[in-house]
Amino acid sequence: MSALSSFAVLVWNTPSQSWEIWSDGYDTYSAANRDAADLCNSGRHAIVRRSPVVFPAAQVAA
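Per UniProt numbering, the very first residue in the sequence shown carries number 1; after that it's consecutive.
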């Protein structure tokens, strides 16, 4: 059986107008989503993505 994916929580950084990794290495989507929901409830914009996170080239160059 292949290795399972891990997940990361990303938050929006308003001053730099880019996503940044808040935390990485979650074993399950639901664990990552729980933390993302907590961040959203505290006023942050957060999303869950599979690890490793690949950022768009335009954001990396900025």
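Positions of the beta carbon are idealized from the N, C-alpha and C atoms, including for glycine.
- Taken atom to atom, the span from the alpha-carbon of residue 44 to that of residue 11 is near 7 Å.
- Residue 54 is classed as exposed because its beta carbon has fewer than 16 other beta carbons within 10 Å across all chains shown.
- Beyond the five residues adjoining it in sequence on each side, residue 35 comes within less than 6 Å, by CB distance, of 9 in the same chain, given in chain order.
- Between residue 50 and the set 19, 29, 16, 20, the nearest pair of CA atoms involves 29.
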